[in-house]
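All remarks here apply to the structure that follows.
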Amino acid sequence: MGDAPDTEGRSGGGLARYVVSKLGGALTSLLLVILLGFFLFRVLPGDPVQTMTRGRAVSADQIAELRERFGLDLPLWQQFVDYLFGVLRGDLGVSYFYSRPVSDLIAERFWPTVLLAGTSTVLAVLLGIWLGTRSAWRHGSRFDRTATGVSLTLWSVPTFWLGLIMLMVFGVGVGPIPGMFPTGGITSPDTPPGLLPYVLDVAHHLVLPCITMVAVIFAQYQMVMRSSLLEEMGADYLTTARAKGLRDDLVRRRHAVPNAMLPTVTLIFLHLGLVVSGAIMVETVFSWPGLGLLTYQALDVPDLPLLQGTFIVLAGAVVAMNLIADLLYRFLDPRVRAS
Amino acid sequence: MTATQSPGAIAWTRRRTAFATGWSSFRSQRAGLVGLGVLVLIAVLALAAPLLTDQAGLDVTQATADRLEPPSMQHWLGTDENGRSVLLLTWWGARISLLVGLAATVLSVGIGTLVGILAAHFGGLTSAALMRVTDFFLVVPSLVLAIALSTVLARGLGTIVLAIGLTAWPTTARLVRAQTLAVEARPYIERAKALGAGHGHLIGSHVLPGVLPLVFANTTLAVASAVIAESTLSFLGLGDPTLVSWGAMLKSAMDTGAVTGGAWWYLLPPGLGIVTVVLAFTLCGRALETVLNPRLRGSR
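Chain order of the listed sequences is W and U.
First residue of the first sequence? That's 1177 in our numbering, and the numbers climb one at a time after it.
First residue of the second sequence? That's 4 in our numbering, and the numbers climb one at a time after it.
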């Protein structure tokens, strides 16, 4: 990744200094996210109330009332201080559309997104590592060329379009293909009571959105796994392992793959931001009741307090994931630790 | 022969030779050539749209066909929810999608190159501050930021371009910074400095020519992601509602029940358009990278 860790590590300050500097960086980013959240949604629109009531007939009284409700009649610095302390306490304001605290809405929609993004990431990582390993071990083979071609093509496919196609073919059904999967939501209204039917129902609803996300994100893991294994393949220790008479697949599994896994492992955390973006599209297409759908629904109104809240939560989560990636990289790779 | 040539002419000859070598090396990459061919074809078609087709067909009030009609001899790709020809919409949509993709890329690559060169050239506090900002933009999910930007600004083409441009530049900045550092470590830069070259001259005549080829390769890859970003933002309803783009077509396909009605002819053309353009730019970019980065050119 970045060149910053190298220069910081070289000064020999050790682990503590590294952790402190990374922690400081993440806190700065978090502060910038909060600042941006304030300026983007309160200052940039000029008059947020006008943005929210765009295209609607609203009386002057209603505008004045809205203004008071969002504290827009206060001086800017007062608004900022209120906002800052609110965010620190976990208070993200009140949604304009739902008339409920934004933090409650986000908490409700949080787990469906974690379920969707988490399952997809796990599957995409497994698929990517497997394909990447096979491609690199026999680079130039037909398998390698096919796998690389397929993932390059899927990488060029807009997530939402793939979702629409999946929805039409396997949800609604086209021609001889019957609709096999639910077209939206996370549960059906007619599920029998009990835990097992509930889990199966959710899993049934999860299939199409999950396949869509995996198809789009597995490519990056495959590419990175392939290229980092290719880097390793010339290494002396592999020649040594082979010279010992180890079987080819043992050399691969015990020696080459574990070393090549490093970049992939940190990439998982770095790319969670992309997964979040993908989730917005997939949730919109499949009406999956997560943070992405919440964002999409807030766009139409537009519900600025809600959008501000989801922005802070989504961006903040990615900052946290990046911090984990940095620390993990340092922890996993002794070469970074020693240099 | 060198004694009679002016320095400018020498540099010109050298660049032309370098370009010729690069081109012959690019030509040997089949995938890159295919990508380039497809791009040229699509660009010609998009530019020729007003000559070969009638824009009046995009007018909802003048549509005569039924809504969501399947493909027929009269409408090769069927019709949309207003009875307009999907073929015509896709053709004209290419213009907006490509225009936004290219404009956003110019903006993002411009910002990225400027930030990268300034950070590497001036170093110290400037570099620290600029890279801090770059890292921040690299971390914040760009789609989320682009959504936020296009919500608060007035909806339209300019906003989409701005939203993509302002969120996509950090990768270019990092790349350019690394390359500038490599270029500035070379002895001829030191010589120029010793001869009293100013910052402007150093950057303009020495650093920029060394960095530009890489920027160019990066640009083709950036267009690919900008085209996807445009379609995504339009699909979310953040584009200009009066203009036809591929993303906007897919949005109306979803909103008007083309998906649940099984109107595949309305979904496939704009989507395949996006995939084709993005794949073509990606193939070109990868081929260019191989040409410019000798490490990748080896037997692998």
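Here a beta-carbon is modelled for each residue, glycine too, at the ideal position from N, C-alpha and C.
Nothing here was measured: the structure is a model prediction, and the numbers come from that model.
- DSSP places W/Asp-1377 inside the alpha helix (DSSP H), whose first and last residues are 1371-1409.
- Nearest to U/Val-118 by C-alpha distance, out of U/Thr-162, U/Arg-158, U/Trp-172, is U/Trp-172.
- The distance from the Cβ of W/Val-1458 to that of W/Met-1389 is about 5 Å, consistent with a contact at the 8 Å cut-off.
- Taking 9 Å as the threshold, the shortest C-beta distance from W/Thr-1204 to chain U falls below it.
- When Cβ pairs closer than 8 Å are counted between the two stretches, the segment 185-204 of chain U is seen not to touch the segment 1285-1302 of chain W, the count staying below three.
- Contiguous alpha helix (DSSP H) elements confined to the segment 1250-1336 of chain W occur at 1252-1264, 1278-1313, 1318-1331, taking only those with 4 or more residues.
- Residue-level contact check: U/Arg-19 does not touch chain W, since none of the beta carbons of chain W fall below 9 Å from its beta carbon.
- What W/Ala-1491 touches in chain U, judged by beta-carbon distance under 7 Å, is Val-143, Pro-144, Val-147, going in chain order.
- Inside the segment 1416-1472 of chain W, DSSP marks whole alpha helix (DSSP H) runs of 4 or more residues at positions 1433-1446, 1448-1462, from first to last along the chain.
- Around the CB of U/Leu-42, 16 or more other CB atoms lie within 10 Å, so the residue is classed as buried.
- Interface with chain U (9 Å Cβ-Cβ cutoff): W/Ser-1327 is excluded.
- One Cα belongs to W/His-1431, the other to W/His-1315, and the distance between them is close to 18 Å.
- Beta bridge pairing from DSSP links U/Thr-82 with U/Ser-88.
- Within chain U, no C-beta atom comes nearer than 7 Å to that of W/Val-1195; the closest sits roughly 17 Å away.
- In the displayed model, U/Ala-49 falls within a helix according to three-state DSSP.
- Here the alpha carbons of W/Asp-1479 and W/Phe-1261 stand approximately 21 Å from one another.
- Selection U/Leu-275, U/Asp-83, U/Gly-260 evaluated against U/Thr-67 yields U/Asp-83 as nearest (Cα-Cα).
- The continuous alpha helix (DSSP H) containing U/Ser-28 extends over residues 10-30.
- The three-state secondary structure of U/Leu-295, taken from DSSP, is helix.
- Apart from sequence neighbours up to five positions away, the residues of its chain that approach U/Phe-284 with a beta-carbon distance below 6 Å are Thr-223, Val-226, Ala-227, ordered along the chain.
- Assigned with DSSP and collapsed to three states, U/Trp-267 falls in helix.
- Closest in alpha carbon position to W/Ile-1282, among W/Ala-1496, W/Gly-1339, W/Gly-1468, W/Ala-1233, is W/Gly-1468.
- Proximity of the segment 1472-1488 of chain W to the segment 1258-1277 of chain W meets the contact definition, three or more beta-carbon pairs being nearer than 8 Å.
- Between the segment 22-38 of chain U and the segment 63-79 of chain U, the count of Cβ pairs shorter than 8 Å is below three; the stretches do not touch.
- Counting only the Cα atoms, U/Val-179 lies some 6 Å from U/Ile-120.
- Counting along the chain, the unbroken alpha helix (DSSP H) around U/Thr-222 starts and ends at 211-238.
- Against U/Ala-123, chain W offers no close residue; the least beta-carbon distance is about 11 Å (beta-carbon pairs closer than 8 Å).
- Of all residues in the segment 1336-1347 of chain W, only Phe-1336, Trp-1337, Leu-1340, Ile-1341, Leu-1343, Met-1344 come within less than 7 Å of chain U when Cβ atoms are compared, listed by chain position.
- At least one beta carbon of chain W lies nearer than 9 Å to the beta carbon of U/Arg-135.
- In the DSSP assignment, U/Ile-150 falls within the alpha helix (DSSP H) that extends over 145-155.
- Close CB contacts of W/Phe-1319 within its chain, under the 8 Å cut and outside five residues either way in sequence, are with Arg-1310, Ser-1311 (chain order).
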